[in-house]
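Take a look at the structure set out below.
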Amino acid sequence: DAMVIQNPRYQVTQFGKPVTLSCSQTLNHNVMYWYQQKSSQAPKLLFHYYDKDFNNEADTPDNFQSRRPNTSFCFLDIRSPGLGDAAMYLCATSPGHGNQPQHFGDGTRLSIL
Amino acid sequence: AQRVTQPEKLLSVFKGAPVELKCNYSYSGSPELFWYVQYSRQRLQLLLRHISRESIKGFTADLNKGETSFHLKKPFAQEEDSAMYYCALSPMNSGYSTLTFGKGTMLLVSP
Chain W
1 DAMVIQNPRY
11 QVTQFGKPVT
21 LSCSQTLNHN
31 VMYWYQQKSS
41 QAPKLLFHYY
51 DKDFNNEADT
61 PDNFQSRRPN
71 TSFCFLDIRS
81 PGLGDAAMYL
91 CATSPGHGNQ
101 PQHFGDGTRL
111 SIL
Chain P
114 AQRVTQPEKL
124 LSVFKGAPVE
134 LKCNYSYSGS
144 PELFWYVQYS
154 RQRLQLLLRH
164 ISRESIKGFT
174 ADLNKGETSF
184 HLKKPFAQEE
194 DSAMYYCALS
204 PMNSGYSTLT
214 FGKGTMLLVS
224 P
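In order, the protein sequences belong to chains W and P.
For the first sequence, the numbering used here assigns the number 1 to the initial residue and increments by one for each residue that follows.
For the second sequence, the numbering used here assigns the number 114 to the initial residue and increments by one for each residue that follows.
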């Protein structure tokens, strides 16, 4: 079944210790997105890739970076996680044309100790 | 900048009652509006989009540009409708969707 897969489902890291979240897709979509969702808040777009072109949202902290080595995979790197970065991180994909809806993964819940 | 407002955090109704989940937006251009739903322990998924003008699981939503609203309605709620509902906006001419979400409304349907 074609889908968006996020690993791991739960991630615990220490304050200041770099962490990487991963997302893969079997939909062959051009666009991959990363959202941050804190408790009781809306999912907030951090950045997205259209193919290899990276698009950063203006208010995304420098602490957050992303890599897309190929069509199928996209990574979210948090260089020095702070307590405020504890959240659910959602990956999504879309075809990249016709304003088609986005397909979401299950998310990774990040906790900071 | 675009903004999506869902004024109700929680909406609790009895089975068979009508449901209306409110969504208002602000955007200077032409928007495309979506409703996404997240059932318990499931991923966020598309419920409907205004451009399709279809009814999904008995839900409908009409874009009212005069009132800048995109309220989600269902005439008779079912228990399986209990979920978190998010309204989202994407600029129409962006080529691909870049979503701005509202904070969501939790719908609880009691027997």
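We put the CB at the ideal spot given by N, CA and C, even for glycine.
Treat the numbers as computed from the prediction; the structure is a model and nothing was measured.
Once DSSP output is grouped into helix, strand and coil, what is the label at residue i?
i      : result
H163/P : helix
E133/P : strand
L83/W  : helix
M3/W   : coil
E180/P : coil
D194/P : helix
Distance, Cα to Cα, residue i vs residue j?
i      : j      : result
A196/P : A42/W  : 15 Å
Q100/W : S94/W  : 6 Å
Q141/P : K216/P : The displayed chain sequence assigns Ser, not Gln, to residue 141/P. Each residue's alpha carbon lies about 20 Å from the other.
D53/W  : Y10/W  : 28 Å
P204/P : A87/W  : 26 Å
Y50/W  : A201/P : 20 Å
G105/W : C74/W  : 12 Å
S143/P : R116/P : 13 Å
N137/W : P224/P : One cannot answer for residue 137/W here, as it falls past the ends of chain W, which runs 1 to 113.
Using a C-beta to C-beta distance shorter than 9 Å, which residues of chain P count as neighbours of residue i?
i     : result
A42/W : V117, Q119, Y199, A201, T213, F214, G215, K216, G217
D59/W : The premise fails here: D59/W is roughly 10 Å from chain P at the closest Cβ pair, so nothing lies under 9 Å.
I89/W : Reading the sequence as shown, one finds Tyr at residue 89/W and not Ile. Under the 9 Å cutoff, chain P gives no residues; its nearest Cβ is about 12 Å from Y89/W.
Y50/W : G208, Y209
Output, in chain order, the set of chain W residues within a Cβ distance shorter than 7 Å of residue i.
i      : result
L159/P : P101
F147/P : P101
Taking C-beta pairs closer than 8 Å, name the residues in chain P that residue i reaches, listed in chain order.
i      : result
L156/W : Outside the shown range of chain W, which is 1 to 113, sits residue 156/W, and nothing can be said about it.
At a CB-CB cut-off below 7 Å, which residues of chain P make contact with residue i?
i      : result
D106/W : R156
S94/W  : Y209, S210
**Asked** Looking at chain W, which residues of the stretch 164–184 of chain P have a Cβ within less than 7 Å of any of its Cβ atoms?
**Response** None of the residues of the stretch 164–184 of chain P has a beta carbon lying less than 7 Å from any beta carbon of chain W.
**Asked** Are there three or more Cβ pairs, one per stretch, closer than 8 Å when the stretch 119–133 of chain P is compared with the stretch 151–168 of chain P?
**Response** The stretch 119–133 of chain P makes no contact with the stretch 151–168 of chain P, as fewer than three CB pairs between them are under 8 Å.
**chain W contacts made by the stretch 194–215 of chain P, where a contact means CB separation under 8 Å** = Of all residues in the stretch 194–215 of chain P, Y199, S203, M205, S207, G208, Y209, S210, T211, L212, T213, F214, G215 have a Cβ within less than 8 Å of some Cβ in chain W.
**Item:** Inter-stretch contact (C-beta, 8 Å, three-pair minimum) for the stretch 15–22 of chain W and the stretch 44–60 of chain W
**Value:** As far as the Cβ criterion goes, the stretch 15–22 of chain W does not touch the stretch 44–60 of chain W, which means the pair count is below three.
**Message:** Quick test of the definition: if touching needs 3 or more C-beta pairs under 8 Å, does the stretch 182–195 of chain P touch the stretch 124–136 of chain P?
**Reply:** Taking 8 Å as the limit for Cβ pairs, the verdict is that the stretch 124–136 of chain P does touch the stretch 182–195 of chain P.
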